[in-house]
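**Q**
2 protein chains.
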Amino acid sequence: MSDTTDLFYTAHVFLCTNERPEGHPRGSCAAHGSVKLRDYMKARAKEFGLNDQRIRTQQAGCLDRCELGPVMVIYPEGVWYAPRTKEDIDEILLTHLRDGKRVERLMLLPTDTERAAFEARQAASA
Amino acid sequence: MSDTTDLFYTAHVFLCTNERPEGHPRGSCAAHGSVKLRDYMKARAKEFGLNDQRIRTQQAGCLDRCELGPVMVIYPEGVWYAPRTKEDIDEILLTHLRDGKRVERLMLLPTDTERAAFEARQAASA
Numbered sequence: 004m005s006d007t008t009d010l011f012y013t014a015h016v017f018l019c020t021n022e023r024p025e026g027h028p029r030g031s032c033a034a035h036g037s038v039k040l041r042d043y044m045k046a047r048a049k050e051f052g053l054n055d056q057r058i059r060t061q062q063a064g065c066l067d068r069c070e071l072g073p074v075m076v077i078y079p080e081g082v083w084y085a086p087r088t089k090e091d092i093d094e095i096l097l098t099h100l101r102d103g104k105r106v107e108r109l110m111l112l113p114t115d116t117e118r119a120a121f122e123a124r125q126a127a128s129a
Numbered sequence: 004m005s006d007t008t009d010l011f012y013t014a015h016v017f018l019c020t021n022e023r024p025e026g027h028p029r030g031s032c033a034a035h036g037s038v039k040l041r042d043y044m045k046a047r048a049k050e051f052g053l054n055d056q057r058i059r060t061q062q063a064g065c066l067d068r069c070e071l072g073p074v075m076v077i078y079p080e081g082v083w084y085a086p087r088t089k090e091d092i093d094e095i096l097l098t099h100l101r102d103g104k105r106v107e108r109l110m111l112l113p114t115d116t117e118r119a120a121f122e123a124r125q126a127a128s129a
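Going down the list, the protein sequences come from chains A and B.
For what it's worth, the numbering used here labels the leading residue of the first sequence as 4, then goes sequentially.
For what it's worth, the numbering used here labels the leading residue of the second sequence as 4, then goes sequentially.
1) Assuming residue 125/B is part of the alpha helix (DSSP H), what are its boundary residues?
2) Can you pull the chain A neighbours of residue 63/B, defined as C-beta to C-beta under 8 Å?
3) My parser needs the beta strand (DSSP E) runs of 3 or more residues fully inside the segment 20 to 83 of chain A; what are they?
4) CA-CA distance, residue 95/B and residue 106/B?
5) Would you grab the beta carbon distance between residue 63/B and residue 63/A for me? Rounded to a whole angstrom, and I think it's under 8 Å.
6) Comparing the C-beta of residue 5/B with each C-beta of chain A, is any distance below 8 Å?
7) Restricting to Cα atoms, I'd like to know which of 12/A, 57/A, 119/A, 13/A is closest to residue 71/A.
8) Measuring alpha carbon to alpha carbon, tell me which residue in 26/A, 60/A, 112/A is nearest residue 67/B.
9) Is residue 112/A helix, strand or coil by DSSP?
10) My guess is that residue 92/A and residue 16/A are in contact by the Cβ rule of under 8 Å, so how many angstroms apart are they, rounded?
11) Spatial neighbours of residue 125/B within its chain, please: C-beta separation below 7 Å, excluding the five flanking residues on both sides.
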């Protein structure tokens, strides 16, 4: 993997805004409110001064973890989050992007595939 | 940065399909044919057997390098390419994703901002 000097963005945040037809068995991030979260994320990143030339927050098409949506991934680290609320977005922006730490309660593991299991782990660690 | 065992995707390819209004001074990836390239990329990744659970090719919103579009970035490496043709897509899929090498002639440097300079460098190295 690259040294940060080789990177165009030191942090590149992709939030899925894919929409599937209503009733689709996998659901979709848009059906879970990701479009509003994207708008909020971009506005807040600007407010927090995080939208400089080395950090970018943006939308992406389907990240293929629909069951856990809304989902986002931060590269080059490859850290995934499942934000639900504006407060979740603020916490990710400030704790992860500004402070370089992790928001453990919102992090998805590579092994997470089902929302119920993810939420059970969240509840157990709360 | 993460060890690959911590990654959901070992290679996550984002091709910009953002469209700006006709005549916009920055241009856009869609105006340079990125939508067709995305469709081709996804179909070919499948044909080449590259669409397994650890590799994903997909579209993204604006990657903010519009002047160089169509642009794509492969994470977690953070390697950027400016593919123009279906042959370029094939070469990136096979050389980069399958063989783990680089397609130097299509790579964007972090310092690239203008299409003319990028194309001049390509021409000089051809």
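C-beta: ideal position from N, C-alpha, C; glycine also.
As the structure is a computational prediction, the values presented were derived from the model and not from experiment.
**A** Reading from the atomic positions:
1) Start and end: 118 to 128.
2) Annotation: Cβ neighbours of residue 63/B in chain A (cutoff 8 Å, chain order): 17, 61, 62, 63, 64.
3) If we require 3 residues or more, the beta strand (DSSP E) runs fully inside the segment 20 to 83 of chain A come out as 58 to 63, 75 to 78.
4) One C-alpha to the other measures close to 6 Å.
5) Correct: roughly 4 Å between the Cβ atoms.
6) Here residue 5/B scores only 48 on pLDDT, less than 50, and its place in the model should not be relied on; the value that follows carries that caveat. It does: the Cβ of residue 5/B has a partner Cβ on chain A nearer than 8 Å.
7) Here the closest residue by C-alpha is 119/A.
8) Per the Cα distances, 60/A.
9) The answer is coil: DSSP assigns residue 112/A none of H, G, I, E or B.
10) The beta-carbon distance between residue 92/A and residue 16/A, rounded to whole angstroms, is 10 Å. This is too long to meet the 8 Å contact definition.
11) Taken in chain order, the residues that qualify are 108.
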